[in-house]
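For the sequence shown, the residue numbers in the numbering used here are 371 to 429.
We treat Cβ as the ideally placed atom computed from N, Cα and C, and that holds for glycine.
First up is the structure itself, then whatever we jot down about it.
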Amino acid sequence: MSREWIQQADFIDAFYAANSNGRRPKPYPRPWKDSNTSRLGKTTLSPAEAREVLKKNRG
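So, in structure tokens, the structure goes:
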């Protein structure tokens, strides 16, 4: 799947949302899991601390 396909699917969703009356339309199906419902990894670090660890380990 190309970046153009992803952009076109986003455009279709935005177009339907702008031109729908009342109910929110169902988004065009994507072939991957919804990134908003699942999270990869866990940490108890604050965002600033996590950035520092990533900078240190960037190598």
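Measuring only the C-alpha atoms, how far is residue i from residue j?
i	j	result
Lys403	Arg373	17 angstroms
Leu424	Leu415	12 angstroms
Arg400	Gly392	24 angstroms
Lys426	Ile376	34 angstroms
Apart from the five residues just before and just after residue i, which ones in its own chain have a Cβ nearer than 7 angstroms to its Cβ?
i	result
Tyr398	Ala379, Ile382 and Asp383
Between residue i and the rest of its own chain, which residues show a CB-CB distance below 6 angstroms, the 5 nearest in sequence each way excluded?
i	result
Tyr386	Pro395
Sorted by chain position, which residues of the same chain lie with C-beta nearer than 8 angstroms to residue i's C-beta, five sequence neighbours on each side aside?
i	result
Pro417	none
Ala420	Thr413
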